[in-house]
Each structure stands twice: as structure tokens, then as C-alpha cells.
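Step one of this worksheet: look at the structure below.
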């Protein structure tokens, strides 16, 4: 019986997977014309669009009693909904990890000052329950449609 070493087997798999002779799986996966952004020139422009990724981390002031923490959270959620209705908050949600990172915002703002001003209206940031860090994030304009 012929045995192949794990290294040679892995190398063979890499070489095979990098081959350009493969046929695209068009018969397996079909895109709807309506959602094909590469064909819809009204959506796909080829330009970059800047959004802002906001990381919400545990802040220094997290020792509120449960009633105060609930009020802060309710106001936090109301602020998220307000920013979403205004078109400034594209996505928001908690992060399910066991460290200081608590959630993220993806914001549609013109500059970092606008990001700061909107995030500083959040009750959790105002009270120090959360702190924010933000970063510019670019994506192809029209490539992703956030609703």
C-alpha cells in the first residue's frame, strides 16, 4: 500500500486548487438579474464609499444598579433607532465575545467629527458605560446595499 506524507498531500491539494483550468460553477449557482450588481450599472459605479466602523467597548463606569442600567440600555436602543431613521446608522449590534468589545455601529457620516457627535448622543457613552473607537471603512460604492 502506498502512503503519501501529509506534507505532499497538502501541497498537491494547494496546486490543484490554484489551477486556472477549473470551470466556474455557473450551473450550480445562478444570480438573479435583479440582484446582479455587476450588471446593474445604475447601482454599480466603481467608486469607493466611506463608512465609519464604530467599536463600542466597556467603559470605566459600569457599576450602575440594575434599574439605572436598564434605563441606560433603553435610551441606548432609542438612540440607535433614531440614528437609523435619520440614515446615519446603517447597522448596529452586540458582539458575542468575552472581552471588552460590546458592540459595533456601521455609520454613514461625512467625517469623523460627525461620527463623534452622533455617538456622543448615546446614553451608554454619555454615562461612561461604553466608550467608542472609530475607523474609516471603504467599500465599493453600490456594491453592498444596506437597508
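Numbering (our numbering), first residue to last: 329 to 475.
Think of the CB as a built atom: it goes at the ideal place given N, C-alpha and C, for glycine as much as any other residue.
Close-in-space but distant-in-sequence residues of the same chain around residue i (CB under 7 Å, 5 per side omitted)
i	result
residue 430	384, 385, 386, 422, 423, 458
residue 417	408, 411, 433, 435
Whether residue i touches residue j by CB criterion (8 Å)
i	j	result
residue 482	residue 389	Limits of the chain in this structure are 329 at one end and 475 at the other, which puts residue 482 out of reach.
residue 376	residue 435	no
residue 420	residue 433	yes
Length of the line joining the Cα atoms of residue i and residue j
i	j	result
residue 393	residue 439	36 Å
residue 352	residue 404	Bear in mind that the predicted position of residue 352 carries a pLDDT of just 35, short of 50, making it unreliable; the figure below should be weighed with that in mind. For residue 352 and residue 404, the distance between alpha carbons rounds to 46 Å.
residue 381	residue 461	8 Å
residue 414	residue 379	15 Å
residue 395	residue 401	10 Å
residue 464	residue 426	25 Å
residue 397	residue 447	18 Å
residue 391	residue 444	24 Å
Interface flag, residue i vs chain C, CB-CB below 8 Å
i	result
residue 414	Considering every chain present, this structure includes no chain C. It has just one protein chain.
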